[in-house]
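See below for the structure under consideration.
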Amino acid sequence: MKNFAALFSSLYQTNKTKEKVNALREYFEKASDTDKVWALAVFTDRKPKKPVNSTFLRTWAIEYSEVPVWLFEESYHVVGDLAEAIALMLPLPERESGLSLTEWINIILDMHGKDDASKKEIIIDAWKQLTTEERFVFNKLLTGSLRVGASQNLAVLALADLTKIDRSVISHRLMGNWDPLSVSFHDLLFGVNEYDDITRPYPFFLAYAIEDGPEKLGAPEEWQAEWKWDGIRSQLIRRMGNSYIWSRGEELVTDKFPEIKSFVDLLPDGTVLDGELLPFVDGKPLPFNVLQTRIGRKNLSAKILSSAPIVFMSYDVMEFEGRDLRPEPLAVRRKVLQSLLQKYPHPAFQYSTEVPFNDWKHLTELRLESRTNLAEGFMIKRRSSPYLVGRKRGDWWKWKIDPYTVDGVLVYAQKGHGRRADLYTDYTFAIWNEGKLVPFAKAYSGLTDVELKQVDAYIRRNIKEKFGPVRTVNPELVFEIAFEGIQLSTRHKCGVAVRFPRILRWRKDKKAEEADSLETVKQMMQQNDSLV
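Heads up, the sequence shown is in my numbering, so the first residue is 8 and it goes up one at a time.
The structure is reproduced here in structure tokens:
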């Protein structure tokens with residue numbers, strides 16, 4: 008545990024990729040094989056399920072440390088993270104622990120099924136022998152909220168440097184249906200597991216964003232354009248008589264989309280398709296909120312299936328007849344995809360057709376039709392491009408439409424988490440409705456560090472009321488809020504909800520009375536009826 012806690016700490020102390028990769032490489036070089044597997048499980052979101060309610064954890068920590076409740080609550084609000092607050096408030100350890108990461112995770116796994124009194128005894132005994140740094144990691148594992156300060160891709164880079172295995176191979180090996188409880192480090196990276204090979208998806212190829220237009224890409228004839236669909240990026244797999252649907256988040260969602268599985272069942276063995284799960288009716292997509300009614304449901308009623316029908320909008324084929332097509336040019340892969348569409352027609356099988364254009368100016372004009380087509384803009388792909396791993400600059404680009412923007416007034420604030428735990432960085436913004444400010448959106452990203460400190464200073468001077476960790480602020484500061492979509496919502500006081508809100512800029516040139524109104528937002532919705 009000491010080595011993993013040290014790794015955890017070092018990853019959060021630097022923003023430099025090279026330093027993070029070096030720290031990961033050093034850890035993998037020294038750690039035991041079982042600890043390596045569990046570290047990779049953490050990186051790939053295969054952490055153990057939390058065994059204890061956070062309220063119990065807080066109560067037991069207060070009792071063991073003999074800290075007054077009010078002092079713990081105040082400290083928690085300052086720190087902003089329950090696991091860290093507990094780690095900092097506990098008394099010094101009574102003895103030293105020599106247990107490994109794997110042994111501590113096994114202790115956590117063994118808690119499942121035990122009564123609360125037994126869990127309390129185990130956890131307090133752990134606190135008595137772990138350092139503050141180790142307690143933080145242990146508490147994070149208990150709460151199920153362990154977030155490592157590095158991406159899975161950095162772990163892949165470190166392992167590739169250590170093992171001399173190609174990065175694409177390691178990325179592929181880390182995807183799929185592997186279990187840290189049953190796989191060894193050697194088998195995960197070097198072994199051959201027939202079942203895993205059947206179920207495992209390929210790493211997705213991700214696009215870079217175009218900021219200033221596509222003119223710098225060169226000759227238009229070397230590129231193809233497709234609408235950028237707003238759905239769930241997925242892979243469909245048909246191998247050895249079995250069908251699988253994987254989301255980009257590496258979640259196996261086969262049972263959640265029975266209409267898609269019925270199509271995958273028709274495909275020939277050795278086929279893997281890349282595309283988007285979309286709500287779709289009468290030849291056109293529906294808003295993303297329709298898809299949200301399907302996400303997270305355990306039981307899919309006939310009503311849900313009929314009101315939110317899903318299709319697979321395909322745009323690439325990665326494997327066909329058991330052969331890896333990723334090295335082939337995009338133009339070749341698309342021909343294979345078209346032939347599959349013709350041979351296996353199905354209502355749930357849609358093809359993301361090219362959008363023909365004469366030159367970049369023409370494509371710029373077509374991009375203005377994005378919202379009419381319920382698209383986010385364009386995907387622009389080089390016709391000769393292979394299917395690569397991860398986000399690679401040069402061959403695949405996304406050219407999104409400009410977001411909607413509204414000027415809102417800061418009315419509520421709350422302290423952030425982690426490095427922002429002592430700053431008010433989580434904001435609620437309001438717009439005008441019949442002479443009153445009504446909450447409209449929450450946002451916590453988009454400002455510079457300097458601006459965050461300036462806003463924090465303003466909030467501390469202008470607090471009107473306190474509601475737990477939330478502070479009501481004098482409504483004077485105006486910010487331009489960007490978002491991708493709007494929809495009616497009975498759950499929101501203003502009657503609408505926005506998608507992906509973030510702060511675009513601080514409007515120091517505007518007064519609160521000049522902020523936008525609910526009427527302005529509704530006019531945006533009327534301009535595009537599909538948003539309602």
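All residues carry an ideal CB built from backbone N, CA and C; glycine is no exception.
message: Along the chain, where does the beta strand (DSSP E) containing residue 443 start, and where does it finish?
response: Looking up residue 443 in the sequence shown gives position 436. Unbroken beta strand (DSSP E) run through residue 443: 443-450.
task: Using the Cα positions of residue 524 and residue 511, report the straight-line distance between them to the nearest angstrom.
output: As a working note, residue 524 is residue 517 in the sequence shown. As a working note, residue 511 is residue 504 in the sequence shown. Near 18 Å, if we compare the C-alpha coordinates of residue 511 and residue 524.
- prompt: In three-state DSSP terms, what is residue 67?
  reply: Counting from one through the sequence shown, the residue named residue 67 turns up at place 60. In this structure, residue 67 counts as helix in the three-state DSSP scheme.
task: Quick one: residues in its chain with C-beta nearer than 6 Å to the C-beta of residue 48, no 5 flanking neighbours on either side, listed in chain order?
output: To locate residue 48, count along the sequence shown from 1; it is residue 41. Around residue 48: 187.
field: Of the listed residues 38, 139, 148, 141, nearest to residue 118 (C-alpha basis)
entry: Here residue 118 refers to the residue found at position 111 when the sequence shown is read from its first residue. Of the candidates 38, 139, 148, 141, the one whose C-alpha sits nearest the C-alpha of residue 118 is 148.
query: Excluding five sequence neighbours on each side, which residues of the same chain lie with their C-beta closer than 6 Å to the C-beta of residue 131?
result: Position 124 of the sequence shown holds residue 131. Closer than 6 Å at Cβ, skipping near neighbours: 71.
message: Would you call the stretch 391-409 in contact with the stretch 496-509, where contact means no fewer than 3 C-beta pairs closer than 8 Å?
response: no
query: Do residue 420 and residue 480 come within 7 Å of each other at the CB atom, strictly closer than that value?
result: For the purposes of this step, residue 480 is taken as the residue at position 473 of the sequence shown. For the purposes of this step, residue 420 is taken as the residue at position 413 of the sequence shown. A contact, by the Cβ cut-off of 7 Å.
- request: Go ahead and label residue 45 buried or exposed: buried means 16 or more other beta carbons lie within 10 angstroms of its beta carbon, across all protein chains shown.
  value: Taking the first residue of the sequence shown as position 1, residue 45 is located at position 38. Buried.
Classification of residue 178 by the beta-carbon crowding that lies within 10 angstroms, buried from 16 upward: For the purposes of this step, residue 178 is taken as the residue at position 171 of the sequence shown. When all chains shown are included, residue 178 counts as buried.
Under the three-state DSSP convention, the category residue 279 falls into: Here the question's residue 279 lines up with position 272 in the sequence shown. Correct three-state label for residue 279: strand.
query: Looking at the unbroken beta strand (DSSP E) that takes in residue 300, where does it start and where does it end?
result: Residue numbering aside, residue 300 sits at position 293 when the sequence shown is read from its first letter. From DSSP, residue 300 is part of no beta strand (DSSP E); its letter is neither H nor E.
- prompt: What is the DSSP secondary structure of residue 260, counted as helix, strand or coil?
  reply: The residue labelled residue 260 in the question sits at position 253 within the sequence shown. DSSP places residue 260 in coil when its eight states are reduced to three.
Residue 381 vs residue 292 beta-carbon contact at 7 Å: For the purposes of this step, residue 381 is taken as the residue at position 374 of the sequence shown. For the purposes of this step, residue 292 is taken as the residue at position 285 of the sequence shown. Going by C-beta atoms, residue 381 is nearer than 7 Å to residue 292.
- prompt: Rounded to a whole number of angstroms, what is the C-alpha to C-alpha distance between residue 520 and residue 427?
  reply: Residue mapping note: residue 520 aligns to position 513 of the sequence shown, counting from 1. Residue mapping note: residue 427 aligns to position 420 of the sequence shown, counting from 1. When rounded, the distance between both Cα atoms is 30 Å.
task: Output the boundary residues of the alpha helix (DSSP H) element that contains residue 170.
output: Start at 1 with the first residue of the sequence shown, and residue 170 comes out as number 163. Residues 159-170.
- request: Look up residue 245 in the DSSP assignment and say whether it is helix, strand or coil.
  value: Working through the sequence shown from its first residue, we reach residue 245 at position 238. If DSSP states are grouped into helix, strand and coil, residue 245 belongs with the strands.
task: Answer yes or no: do residue 409 and residue 514 have a C-beta to C-beta separation smaller than 7 Å?
output: Residue numbering aside, residue 409 sits at position 402 when the sequence shown is read from its first letter. Residue numbering aside, residue 514 sits at position 507 when the sequence shown is read from its first letter. No, these two residues do not count as a Cβ contact at 7 Å.
Residue span of the alpha helix (DSSP H) that contains residue 44, given as start and end: As a first step, residue 44 must be located in the sequence shown, where it is residue number 37. Start and end: 40-50.
- prompt: Taking C-alpha atoms, which residue in 377, 362, 412, 378 lies nearest to residue 388?
  reply: Start at 1 with the first residue of the sequence shown, and residue 388 comes out as number 381. Ranking the options by Cα distance to residue 388, first place goes to 362.
- request: Could you spell out the range, first to last residue, of the beta strand (DSSP E) harbouring residue 511?
  value: Here residue 511 corresponds to residue number 504 of the sequence shown, with the count starting at 1. Residues 509-513.
- prompt: Taking DSSP as the reference, what is the three-state secondary structure of residue 351?
  reply: Here residue 351 refers to the residue found at position 344 of the sequence shown. It is coil, neither helix nor strand.
- prompt: Counting Cβ pairs, one atom from each stretch, are 3 or more of them under 8 Å apart for the stretch 226-240 and the stretch 269-280?
  reply: no
message: Would residue 50 and residue 162 qualify as a contact pair, given that the criterion is a beta-carbon distance under 7 Å?
response: Taking the first residue of the sequence shown as 1, we reach residue 50 at position 43. Taking the first residue of the sequence shown as 1, we reach residue 162 at position 155. Yes, Cβ-Cβ distance for residue 50 and residue 162 is below 7 Å.
message: Taking only three categories from DSSP, how would you classify residue 216?
response: Position 209 of the sequence shown holds residue 216. In the structure shown, residue 216 sits in a strand (DSSP, three-state: E or B).
Residue range of the alpha helix (DSSP H) that includes residue 142: Translated into positions along the sequence shown, residue 142 becomes position 135. Unbroken alpha helix (DSSP H) run through residue 142: 139-150.
- request: Might you give, ordered along the chain, the residues of its own chain that have their beta carbon closer than 6 Å to the beta carbon of residue 97, omitting 5 neighbours on each side?
  value: Along the sequence shown, one-based indexing puts residue 97 at 90. Closer than 6 Å at the Cβ level, and outside the excluded window around residue 97, lie 72, 134.
field: Reduced DSSP secondary structure (H/G/I, E/B, other) of residue 386
entry: Taking the sequence shown and counting its residues from 1, the one referred to as residue 386 is at position 379. DSSP places residue 386 in strand when its eight states are reduced to three.
- prompt: If residue 137 sits next to residue 104, beta carbons under 8 Å apart, how far is it from one beta carbon to the other, in whole angstroms?
  reply: Counted from its first residue, the sequence shown places residue 137 at position 130. Counted from its first residue, the sequence shown places residue 104 at position 97. Indeed they touch by this definition, with Cβ atoms about 6 Å apart.
Coarse secondary structure for residue 8, derived from DSSP in three states: On the sequence shown, position 1 is the one that residue 8 refers to. Reduced to three states, the DSSP call for residue 8 is coil.
- prompt: Closest by CA to residue 478, which one among 467, 342, 491, 438?
  reply: Locating residue 478 in the sequence shown gives position 471, where the first residue counts as 1. When each option's Cα is compared against that of residue 478, the closest is 467.
message: Are the CB atoms of residue 235 and residue 368 within a distance shorter than 7 Å?
response: Position 361 of the sequence shown, counted from the first residue, corresponds to residue 368. Position 228 of the sequence shown, counted from the first residue, corresponds to residue 235. For residue 368 and residue 235, no; Cβs fall outside 7 Å.
query: Does DSSP put residue 284 in a helix, a strand or coil?
result: If you number the sequence shown from 1, residue 284 lands on position 277. Three-state DSSP puts residue 284 in a strand.
task: Using only alpha-carbon positions, find the residue among 195, 89, 189, 298 that is nearest to residue 319.
output: The residue you call residue 319 lines up with position 312 of the sequence shown. The residue with the shortest Cα to Cα distance from residue 319 is 298.
- prompt: Expressed to the nearest angstrom, what Euclidean distance is found between the alpha-carbon atoms of residue 491 and residue 411?
  reply: Residue mapping note: residue 491 aligns to position 484 of the sequence shown, counting from 1. Residue mapping note: residue 411 aligns to position 404 of the sequence shown, counting from 1. Looking at the two C-alpha atoms, the distance is approximately 6 Å.
task: Report yes or no: do three or more beta-carbon pairs, one from the stretch 205-222 and one from the stretch 334-346, lie closer than 8 Å?
output: no
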